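**Student:** Quick one: structure below, then a few questions.
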Amino acid sequence: MDMGKPSFEAEFSEILLCKNELHETLNNLSHWMKDEHVDKNLVTKLDSAFIRKDPYGVVLIIAPWNYPIHLLLVPLIGAIAAGNCVIAKPSEMTKNTERLVAEALPKYLDKDCFAVVTAGVEETTQLLENKFDFIFFTGSPAVGKIIMTAAAKHLTPVTLELGGKNPCYVSDTCEVQNVARRVAWGRFFNAGQTCVAPDYVLCSLEMQEKLLPALSKAITEFYGPNPQESPSFGRIVGDKQFRRVQALLRSGRVAMGGQTDERERYIAPTVLVDLQPSDPIMKEEIFGPILPIVTVANVEEAIEFINSRERPLAVYAFSSEDKVVNQVLERTSSGGFCGNDTLMHVTLTSLPFGGIGNSGLGKYHGKFTFDTFSHQRGCLHRSMGLEALNALRYPPYSHQKLGIVRAASEVKRKGSCTLL
Ligand code: NAD
Numbered sequence: 000m001d002m003g004k005p006s007f008e009a010e011f012s013e014i015l016l017c018k019n020e021l022h023e024t025l026n027n028l029s030h031w032m033k034d035e036h037v038d039k040n041l042v043t044k045l046d047s048a049f050i051r052k053d054p055y056g057v058v059l060i061i062a063p064w065n066y067p068i069h070l071l072l073v074p075l076i077g078a079i080a081a082g083n084c085v086i087a088k089p090s091e092m093t094k095n096t097e098r099l100v101a102e103a104l105p106k107y108l109d110k111d112c113f114a115v116v117t118a119g120v121e122e123t124t125q126l127l128e129n130k131f132d133f134i135f136f137t138g139s140p141a142v143g144k145i146i147m148t149a150a151a152k153h154l155t156p157v158t159l160e161l162g163g164k165n166p167c168y169v170s171d172t173c174e175v176q177n178v179a180r181r182v183a184w185g186r187f188f189n190a191g192q193t194c195v196a197p198d199y200v201l202c203s204l205e206m207q208e209k210l211l212p213a214l215s216k217a218i219t220e221f222y223g224p225n226p227q228e229s230p231s232f233g234r235i236v237g238d239k240q241f242r243r244v245q246a247l248l249r250s251g252r253v254a255m256g257g258q259t260d261e262r263e264r265y266i267a268p269t270v271l272v273d274l275q276p277s278d279p280i281m282k283e284e285i286f287g288p289i290l291p292i293v294t295v296a297n298v299e300e301a302i303e304f305i306n307s308r309e310r311p312l313a314v315y316a317f318s319s320e321d322k323v324v325n326q327v328l329e330r331t332s333s334g335g336f337c338g339n340d341t342l343m344h345v346t347l348t349s350l351p352f353g354g355i356g357n358s359g360l361g362k363y364h365g366k367f368t369f370d371t372f373s374h375q376r377g378c379l380h381r382s383m384g385l386e387a388l389n390a391l392r393y394p395p396y397s398h399q400k401l402g403i404v405r406a407a408s409e410v411k412r413k414g415s416c417t418l419l
């Protein structure tokens, strides 16, 4: 609607994944919201110890433009399920979706508890001066810092779902054509405007030579000889974004693609080679249909490259050898991980989704969304009687009393696990 998103991609990423989240929540809510009874010691044996899932209160949800329905509604589902009131702020960049959400949601939701605020940067800055009980933000790391600073003034807890550059390591042993299709799909879906898209490929020079024809074949299979005419390929969201992505084409050498059309905000599916880590395209999140390939000698060098940069939202590793995939998993850190594919880990409501370090703070999807919007209140409800047992912890203290209290409340050491 706002960015020429192919209807298949809109249906899959905006509608289906939202419905899945909704159904998962409705199917399990009665169970998730129940008090969780926990272990007790001898002193509290006759009492009730439990975790109560309390709502935070009033929650602010701020969404970006790239999946403007999904990234607003998925957190909204969890916030409502956990019992909160919500102010939802869609992105001002995707005007049609913003208007749709602002008109449609109030028709279905209780106006006393839920409001949609349409706001640009200036109004959002004012909105953030208010005290919220929780802020759920999805967007860029730069704005994430502004949100966290505003939240800190009121000691408001935050979830920050941010972006970054997601590395994709391709080992020398793999089914090259399958890898090319899976990487191209993840990179060019939504015209590359996906926070978990594989941002760049790391592979050996030999693998790059095999990958280039395979990527070219995959792109033609997906979008035909001229992707500009393909109904399966989207456009860049706005003029400013278009110019930013277009400028990134100046890094390295264009191995395929590279065509642009400003009137349509079209950038062809493009693969770049001969890059330096210092090139502009290797310094910022691409957020467009460009795939740079950076060559490395081996998996060791790929891991070193990944670990020398900010921790990404996703790390991808392709190899026919499980041990290579596991090596990348074990020796790197990221919000999520997917071996031998791209994006697909995000489709499971059973997996937590979120970043680490520069890619964010907190997690959601499925039960994790409900937990994110719930305060876990630790509760102990004691009986009024049995005062003789309580007397043991009251003054005047004695060694004998301490011995009994210790025996009744001590957590005993089991097994042989040591921390050092
Ligand atoms: P953005 O940070 O520019 O904007 C996100 C939201 O913040 C919008 O609603 C916008 O109105 C608001 N905003 C912008 N500037 C603000 C300011 N100064 N003060 C207060 N609010 C402000 O991000 P974007 O361009 O809409 O989206 C792209 C970014 O979002 C990318 O970095 C991408 O990786 C990230 N993203 C992350 C996820 C995730 O789940 N982790 C998902 C989608 C997008």
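So for the sequence shown, numbering that gives the first Met the number 0 puts the first residue at 0; every next one is plus one.
Each residue gets a CB set at the ideal place from its N, CA and C atoms; glycine is no exception.
Treat the numbers as computed from the prediction; the structure is a model and nothing was measured.
1) Cutting at 6 Å between CB atoms, please list the residues of its own chain near Arg252, excluding the five before and the five after it.
2) Residues in its own chain within less than 6 Å of Leu360 by CB, not counting five upstream and five downstream?
3) Roughly how many whole angstroms lie between the Cα atoms of Ile146 and Leu127?
4) Tell me whether Asn65, by its Cβ, gets closer than 6 Å to a heavy atom of the ligand NAD.
5) Pro63 by DSSP, collapsed to three states: which one?
6) What is the DSSP secondary structure of Gly414, counted as helix, strand or coil?
7) Of all the beta strand (DSSP E) runs that stay within the bounds of the region 327 to 359, which reach a length of 3 or more residues?
8) Taking only runs of the beta strand (DSSP E) that begin and end inside the region 284 to 327, which ones reach a length of at least 3 residues, in chain order?
9) Grouping DSSP H, G and I as helix and E and B as strand, with all else coil, what is Thr259?
10) Hey, out of Ala114, Leu210 and Ala190, whose CA is closest to Tyr66's CA?
11) Going by beta-carbon coordinates alone, are Arg180 and Ala217 separated by less than 7 Å?
12) Taking Leu72 as the reference, which of Phe136, Thr124, Lys44 and Leu248 has the closest Cα?
13) Are the CB atoms of Thr172 and Ser47 nearer to each other than 7 Å?
14) Leaving out five residues on either side along the sequence, give the residues of the same chain with a beta carbon under 6 Å from the beta carbon of Phe11.
15) Any chance you could list the beta strand (DSSP E) runs of at least 3 consecutive residues sitting entirely within the region 206 to 246, in chain order?
16) Just mark Gly162 as buried or exposed, buried being the case when its beta carbon has 16 or more other beta carbons within 10 Å.
17) Determine the direct distance from the alpha carbon of Thr123 to that of Pro311, and round the result to whole angstroms.
18) Rounded to whole angstroms, what's the CA-CA distance from Gly287 to Leu204? Just pull it up for me.
19) Do Ile302 and Pro291 have their C-beta atoms closer together than 7 Å?
20) If we count Cβ pairs, one from each stretch, closer than 8 Å, do we get three or more for the region 223 to 230 versus the region 259 to 270?
21) Between Leu16 and Gly402, what straight-line distance do the alpha-carbon atoms span, to the nearest angstrom?
22) Please tell me whether Phe336 and Val178 are closer than 7 Å, where the distance is taken between their beta carbons.
23) In this structure, does DSSP put Phe187 in helix, strand or coil?
24) Tell me whether Gly138, by its Cβ, gets closer than 6 Å to a heavy atom of the ligand NAD.
25) Tell me, please, whether the region 36 to 46 touches the region 397 to 411 by the rule of three or more beta-carbon pairs shorter than 8 Å.
26) Say yes only if the C-beta of Cys194 is nearer than 6 Å to one or more non-hydrogen atoms of the ligand NAD, and no if none qualify.
27) Run the CB neighbour count on Ala390, radius 10 Å, all protein chains shown included, and call it buried at 16 or more, exposed below.
28) From the DSSP output, in three-state form, read off Lys88 for me.
29) Taking the continuous beta strand (DSSP E) assigned at Val483, which residues delimit it?
30) The ligand NAD and Ser90: does any heavy atom of the ligand fall closer than 6 Å to the residue's C-beta?
31) Inspect the CB distances between the region 342 to 349 and the region 16 to 33 and report whether three or more fall short of 8 Å.
32) Excluding the five sequence neighbours on either side, which residues of its own chain have a C-beta within less than 6 Å of the C-beta of Pro197, listed in chain order?
33) Report all residues from its chain with a CB closer than 6 Å to the CB of Phe113; omit the five preceding and five following residues, and keep chain order.
34) Verify the contact flag: Gly162, CB atom, against every heavy atom of the ligand NAD, threshold strictly below 6 Å.
35) Where do the N-terminal and C-terminal ends of the beta strand (DSSP E) with Gln375 fall, by residue?
**Tutor:** Result, derived from the coordinates:
1) Val272 and Asp273
2) Leu159
3) 8 Å
4) yes
5) coil
6) coil
7) 335 to 338
8) 289 to 294 and 313 to 317
9) strand
10) Ala190
11) yes
12) Phe136
13) no
14) none
15) none
16) buried
17) 27 Å
18) 24 Å
19) no
20) yes
21) 57 Å
22) no
23) helix
24) yes
25) yes
26) yes
27) exposed
28) strand
29) Here the chain covers residues 0 to 419 and nothing more, so residue 483 does not appear.
30) yes
31) yes
32) Asn165, Cys167, Val182, Gly185, Arg186, Tyr315 and Thr341
33) Val85
34) yes
35) Ser373 to His380
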